[in-house]
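Residue numbers (my numbering), protein chains in the order written: chain L, 395 to 795; chain G, 15 to 396. Every residue gets a Cβ at the ideal spot worked out from N, C-alpha and C, and that includes glycine. Note that the structure is a prediction, hence the values are computed from the model and not measured. This report concerns only the one structure given below.
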Amino acid sequence: MDLRFTPEEIAFRDEARAFMQKALPAPIRDKMIEGRRLVKDDLVTWQRILNAKGWAVPHWPVQWGGAGWSAVELYLFRDEMQQAPAPEPLPFGVNMVGPVIIAFGNDAQKKRFLPRIANLDDWWCQGFSEPEAGSDLAAVKTTARRGGDHYIVNGQKTWTTLAQYADWIFCLVRTDPSAKKQQGISFLLIDMKTPGVTVRPIQTFDGGHEINEVFFDDVRVPAENLVGEENKGWDYAKFLLGNERSGIARIGISKARLRRLKELAALATSGDKPLIADERFRMKIAAIEVELKALEMTQLRVLSRERNGHDSKPDPASSILKLKGSELQQAISELLLEVAGPYALPDQMPHDEAERWNEPPVGPEWAATLAPHYFNWRKASIYGGSNEIQKNIIAKAILGL
Amino acid sequence: MDFELNEEQRLLQESVGRMLAGAYDPDRRKRYASEPGGFSRAIWHTYAELGLLGLPFEEKHGGIGGGAVETMIVMESFGRVLALDPYLASVVLSGGFIRLGGGDVVQSTILPRIASGEMLMAFAHAERQSRYDLADIAMTARKDGSHVVLDGEKTLVLGGDSADQLIVSARLSGARRDSSGIGLFLVGAAADGVTRRGYPTIDGRRAAEIAFSGVRVAADAVIGEPGNAFPLIEHIADHAIAALCAEAVGAMQALHDNTVEYLKTRKQFGVPIGNFQVLQHRAAEMLIALEQARSMALFAAMMADDADPAARRQAMSAAKVQIGRSGRFIGQQAIQLHGGIGMTMDYSAGHYFKRLTAIDTMFGDADHHLARLARSGGLAAA
Ligand SMILES: Cc1cc2nc3c(=O)[nH]c(=O)nc-3n(C[C@H](O)[C@H](O)[C@H](O)COP(=O)(O)OP(=O)(O)OC[C@H]3O[C@@H](n4cnc5c(N)ncnc54)[C@H](O)[C@@H]3O)c2cc1C
């Protein structure tokens with residue numbers, strides 16, 4: 395055991411940090427810091443900058459654009475990127491469907507999709523959840539009926555993040571209605587432009603539009619878009635969800651938000667003093683910092699165990715990362731709300747992402763995004779497998795209860 | 015002590031509840047919010063007909079002489095349906111100032127007009143720098159012969175963009191955060207030198223930024239004791255806190271009812287999700303938080319006019335702490351237990367959560383009041 399980063403790792407981190415500082419366009423960075431909504435172009439721009447550097451999909455095999463980094467280097471890279479703070483690469487491609495295609499797809503699929511994912515030429519979305527299949531994901535009802543060289547897909551997906559921009563959706567569909575729940579499911583890639591696919595927006599209560607319903611009405615999908623074997627989709631989904639959970643800890647983002655929190659608490663005054671001078675407030679921040687440091691160490695432990703290759707399956711401890719990570723993101727958003735104080739009240743976040751403030755802000759401009767941010771982040775304990783479900787997984791898979 | 019409502023109070027509760035159930039549903043609420051001022055004038059007139067707009071006023075002023083308990087009953091009913099109307103601003107705050115601090119002439123000209131629904135009022139007090147400090151007033155009031163001239167800016171004036179008349183605090187003397195030297199003035203919203211900008215708030219209501227530039231008010235437009243209005247401001251702020259606590263309890267109750275109903279009907283894994291014990295316990299914890307909040311809303315109503323201002327202030331701080339904490343817990347858990355649907359604008363839970371969040375930021379959040387209470391020695395010492 396050596397608990398320090400090696401000199402090489404530190405040099406690597408410095409290189410990543412220098413790159414982020416130089417390469418991240420200032421307008422995107424400012425939006426990230428201020429918590430303003432990003433537009434599609436921001437993500438595409440940033441992804442292509444990363445890709446040009448060869449860092450778009452560092453965790454993939456080198457053959458498909460991976461950087462060949464160690465788990466620690468990967469962690470340091472993500473941490474620096476999140477702290478920059480740079481946009482997170484759209485997870486549906488690089489973290490979800492990409493690794494599934496790499497692990498279970500055929501060569502044609504790899505050649506066709508992977509480079510376009512790395513460059514964000516294709517915008518992917520995740521078609522797992524349905525109205526009746528949320529936590530009970532294996533209850534999906536959307537059907538894909540095989541007819542010759544294609545499937546006919548009918549049904550509905552929901553809560554589909556950023557489907558409004560999507561070129562492709564990966565779906566869990568039922569290919570064998572007579573099989574037991576988990577066994578009749580397949581993993582299908584569907585072009586969003588296919589006739590019969592309809593996207594309907596869902597507004598979240600913070601005012602944003604990031605989720606959608608997606609309807610499939612006799613949608614013809616070429617059979618070559620099936621990933622892996624028919625009726626084995628549940629295995630691929632479990633693989634994907636394990637990856638999703640560890641990505642969700644977002645420790646670097648929490649670090650960046652804590653930094654922002656301290657900056658704003660120095661601007662907000664309470665009486666004749668900045669809020670940050672209030673020891674009680676500093677204690678609240680410090681309490682979160684303690685938890686975040688602990689989570690970071692846990693994350694590194696998980697990575698080290700994965701690297702030492704006990705097995706290639708995601709660690710059940712990834713549930714801990716998701717759970718604690720989301721709780722900390724939410725706790726930070728609560729403290730940011732407290733910093734806004736009475737100026738949490740005005741509703742002035744532009745709802746349309748292209749829209750800018752066209753009136754002078756009420757109160758300090760920095761306060762405007764904090765209540766919507768707090769509201770929006772309630773999602774973090776719901777998606778990616780709700781926190782209750784994570785605890786069920788810990789109880790069953792780790793504790794054997 | 016008797017926690018049962020008396021006959022008249024029960025009738026009030028029933029009639030207000032019935033009327034609101036008929037007037038409000040999520041679709042209509044959305045429609046009202048887009049009317050000028052962000053609420054329905056038609057409903058406002060119904061309130062007037064039921065006597066709600068004069069609830070705390072004496073009969074000779076068109077009121078029905080209700081006390082803190084009656085206000086609590088009405089506010090709780092508003093909370094259940096997330097009523098948008100500027101009742102707090104007009105009746106509780108402004109009506110309260112005039113009732114307790116207005117001269118005979120002001121009382122007899124204004125209170126009947128509030129009660130009849132003809133006149134809307136708002137309390138313009140907070141300033142950019144004041145955060146939750148009620149005494150932090152920089153706006154100036156300068157004597158000029160028999161007049162007073164007001165200069166300064168007010169922020170987050172609840173219901174400020176629809177008000178016809180404003181009650182404005184300003185400093186006659188003293189340093190910015192002194193509690194002495196503050197006066198209260200009655201100012202027409204359309205008076206020369208008054209400019210305002212209305213905007214929506216996160217809870218679907220409206221507020222305004224209001225600037226005063228050389229606004230002249232006559233000597234008879236003074237509320238309370240000039241230069242010594244702070245005790246009155248604290249007293250009426252306490253009325254507002256008690257009223258907001260009651261409203262929050264109504265909102266928490268509705269949200270909890272709704273969540274429990276959802277646990278019974280939403281099925282996953284082939285069973286209602288309410289079968290999962292962890293969710294049963296969560297709902298039970300929410301109920302505990304709700305009942306603790308309800309008890310403190312009652313305590314606040316009980317103490318709202320206590321003869322000892324220090325005890326009254328401590329009680330309000332205690333109540334606001336409990337309401338803030340319970341509201342946050344119930345709001346967050348309601349969203350959580352609904353899963354994805356809880357995150358949507360079209361579903362009611364988020365709107366309740368936003369109102370509970372907004373209430374926490376009004377007249378001091380839970381943290382502010384906890385610190386205040388601790389500084390004052392805490393409740394046990396009282
Ligand atoms: C903002 C947002 C973005 C999303 N993006 C996507 C996306 O891009 N693609 C996609 O496919 N999905 C997406 N989702 C869906 C998300 O994965 C589901 O919301 C989640 O799985 C929960 O399902 P549900 O909403 O149906 O809630 P339900 O499953 O109905 O859960 C309701 C409540 O019951 C609890 N519960 C359920 N079962 C149990 C149990 N066995 N034990 C204890 N408690 C239980 C849950 O924890 C929750 O609190 C998104 C959701 C949100 C909110």
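Cross-strand partners of Arg-230 of chain G (DSSP beta bridge): What you label residue 230 of chain G is simply residue 216 of the second sequence in a count that begins at 1. G:Val-163, per the DSSP bridge assignment.
For Tyr-213 of chain G, return the contacting residues in chain L, with the cut-off set at a CB-CB distance below 9 Å. Your numbering for residue 213 of chain G matches position 199 in the second sequence. Result: Pro-740, Asp-741, Gln-742, Glu-753, Val-756.
Within-7 Å CB hit, Thr-123 of chain G to chain L: If you number the second sequence from 1, residue 123 of chain G lands on position 109. No Cβ of chain L is located within less than 7 Å of the beta carbon of Thr-123 of chain G.
Partners in chain G for Ser-775 of chain L, counting only beta-carbon separations shorter than 8 Å: Position 381 of the first sequence, counting from 1, holds the residue named residue 775 of chain L. Residues of chain G with a Cβ closer than 8 Å to the Cβ of Ser-775 of chain L are, in chain order, Gln-350.
Please list the residues of the region 272-290 of chain G that have a C-beta atom closer than 7 Å to any C-beta atom in chain L, keeping them in chain order. Those would be Gln-282, Phe-283, in chain order.
With a cut-off of 8 Å, do at least 3 Cβ pairs link the region 105-113 of chain G to the region 124-142 of chain G? Yes, the region 105-113 of chain G touches the region 124-142 of chain G.
If we ignore side chains and look at the alpha-carbon of each, how far apart do Ala-205 of chain G and Arg-211 of chain G end up? Numbered from its first residue, the second sequence carries residue 205 of chain G at position 191. Numbered from its first residue, the second sequence carries residue 211 of chain G at position 197. Approximately 15 Å, taken between the alpha carbons.
For a cutoff of 7 Å on Cβ pairs, would you count Asp-147 of chain G as touching chain L? Locating residue 147 of chain G in the second sequence gives position 133, counting from the first residue. Interface annotation, Asp-147 of chain G: in contact with chain L, CB-CB separation under 7 Å.
Neighbourhood of Ala-396 of chain G by C-beta, 6 Å cutoff - its chain only, sequence neighbours within 5 removed: Position 382 of the second sequence, counted from the first residue, corresponds to residue 396 of chain G. In this prediction, Ala-396 of chain G scores a pLDDT of 47, lower than 50, which makes its location untrustworthy; the coordinate-derived value is nonetheless stated afterwards. For Ala-396 of chain G, where only same-chain residues beyond five positions count, the Cβ hits under 6 Å are Ala-325, Gln-328.
Starting from Asn-548 of chain L, follow the beta strand (DSSP E) in both directions and report where the run begins and ends. For the purposes of this step, residue 548 of chain L is taken as the residue at position 154 of the first sequence. Taken as a continuous stretch (DSSP letters only), the beta strand (DSSP E) holding Asn-548 of chain L covers 544-551.
Opposite Ile-596 of chain L in the DSSP bridges: which residues? As a first step, residue 596 of chain L must be located in the first sequence, where it is residue number 202. In the DSSP assignment, Ile-596 of chain L forms a beta bridge with L:Ile-605.
Can you tell which of G:Gly-166, G:Ser-187, G:Leu-148 has the C-alpha that lies nearest to the C-alpha of Lys-157 of chain G? If you number the second sequence from 1, residue 157 of chain G lands on position 143. When G:Gly-166, G:Ser-187, G:Leu-148 are compared, the shortest CA-CA separation from Lys-157 of chain G is found for G:Ser-187.
Contact criterion: CB-CB distance below 7 Å. Does Gly-779 of chain L meet it with respect to chain G? Sequence index remark: in the first sequence, residue 779 of chain L carries index 385 (1-based). Interface residue (Cβ-Cβ distance to chain G less than 7 Å): Gly-779 of chain L is not classified as such.
Between Ile-349 of chain G and Gly-364 of chain G, how many whole angstroms is the CB-CB distance? I'm expecting something under 8 Å. Indexing the second sequence from 1 puts residue 349 of chain G at position 335. Indexing the second sequence from 1 puts residue 364 of chain G at position 350. The Cβ separation is near 7 Å, so the contact holds.
Candidates L:Leu-566, L:Lys-687, L:Asp-473, L:Arg-407, of which the one nearest Phe-610 of chain L by Cα: Position 216 of the first sequence holds residue 610 of chain L. The candidate whose alpha carbon is nearest that of Phe-610 of chain L is L:Leu-566.
Look up Thr-400 of chain L in the DSSP assignment and give the residues it is bridged to. What you label residue 400 of chain L is simply residue 6 of the first sequence in a count that begins at 1. DSSP lists no partner for Thr-400 of chain L.
In the region 125-140 of chain G, which residues sit with their C-beta less than 9 Å from some C-beta in chain L, listed in chain order? Here the close residues are Ala-140.
Could you tell me which uninterrupted beta strand (DSSP E) segments, each at least 3 residues in length, are contained entirely in the region 92-156 of chain G, listed from first to last along the chain? Counting whole runs of 3 or more residues, the region 92-156 of chain G contains the beta strand (DSSP E) stretches 135-138.
Three Cβ pairs or more, each shorter than 8 Å: is that satisfied between the region 131-148 of chain G and the region 73-90 of chain G? Three or more beta-carbon pairs separated by less than 8 Å are not found between the region 131-148 of chain G and the region 73-90 of chain G, which leaves the two stretches without contact.
Since Val-182 of chain G sits in a beta bridge, which residues does DSSP pair it with? Position 168 of the second sequence holds residue 182 of chain G. Bridge partners of Val-182 of chain G: G:Ala-138, G:Phe-199.
Interface partners of Gly-364 of chain G on chain L, CB under 9 Å: Position 350 of the second sequence, counting from 1, holds the residue named residue 364 of chain G. Proximity of chain L to Gly-364 of chain G at the Cβ level (cut-off 9 Å) is accounted for by Thr-598, Phe-599, Asp-600, Phe-769, Arg-772, in chain order.
Looking at Trp-562 of chain L and ligand 1, is the gap between the Cβ and the nearest heavy atom below 6 Å? Reading the first sequence from its first residue, position 168 is the one you call residue 562 of chain L. No.
Helix, strand or coil for Val-621 of chain L per DSSP? Your numbering for residue 621 of chain L matches position 227 in the first sequence. Correct three-state label for Val-621 of chain L: strand.
Rounded Cβ spacing between Leu-470 of chain L and Ala-410 of chain L (contact assumed at less than 8 Å): By 1-based counting over the first sequence, the position of residue 470 of chain L is 76. By 1-based counting over the first sequence, the position of residue 410 of chain L is 16. Their Cβ separation, rounded to whole angstroms, is 6 Å, which keeps Leu-470 of chain L and Ala-410 of chain L in contact under 8 Å.
Close Cβ partners of Asp-150 of chain G (< 8 Å) along its chain, the five nearest in sequence each way excluded: Numbered from its first residue, the second sequence carries residue 150 of chain G at position 136. Cβ neighbours of Asp-150 of chain G beyond the five flanking positions: Glu-141, Gln-143, Ser-144, Arg-190, Arg-191.
Where the beta strand (DSSP E) through Leu-583 of chain L begins and ends: The residue given as residue 583 of chain L occupies position 189 in the first sequence. In the DSSP assignment, Leu-583 of chain L falls within the beta strand (DSSP E) that extends over 579-585.
Which value, in whole angstroms, describes the spacing of the CA atoms of Leu-468 of chain L and Pro-483 of chain L? For the purposes of this step, residue 468 of chain L is taken as residue 74 along the first sequence, with counting starting at 1. For the purposes of this step, residue 483 of chain L is taken as residue 89 along the first sequence, with counting starting at 1. Using only the alpha carbons, I get a separation of about 14 Å.
Just list the residues that DSSP pairs Glu-524 of chain L with in beta bridges. Reading the first sequence from its first residue, position 130 is the one you call residue 524 of chain L. DSSP output for Glu-524 of chain L lists L:Ala-527 as bridge partner(s).
Range covered by the alpha helix (DSSP H) that runs through Thr-439 of chain L: Taking the first residue of the first sequence as 1, we reach residue 439 of chain L at position 45. Here the alpha helix (DSSP H) through Thr-439 of chain L covers 434-447.
Is there at least one Cβ from chain G nearer than 7 Å to Ile-788 of chain L's Cβ? For the purposes of this step, residue 788 of chain L is taken as the residue at position 394 of the first sequence. The beta-carbon of Ile-788 of chain L is placed no less than 7 Å from the nearest beta-carbon of chain G.
Per DSSP, which residues does Lys-168 of chain G bridge with? Please list them. Working through the second sequence from its first residue, we reach residue 168 of chain G at position 154. Per DSSP, G:Ile-224.
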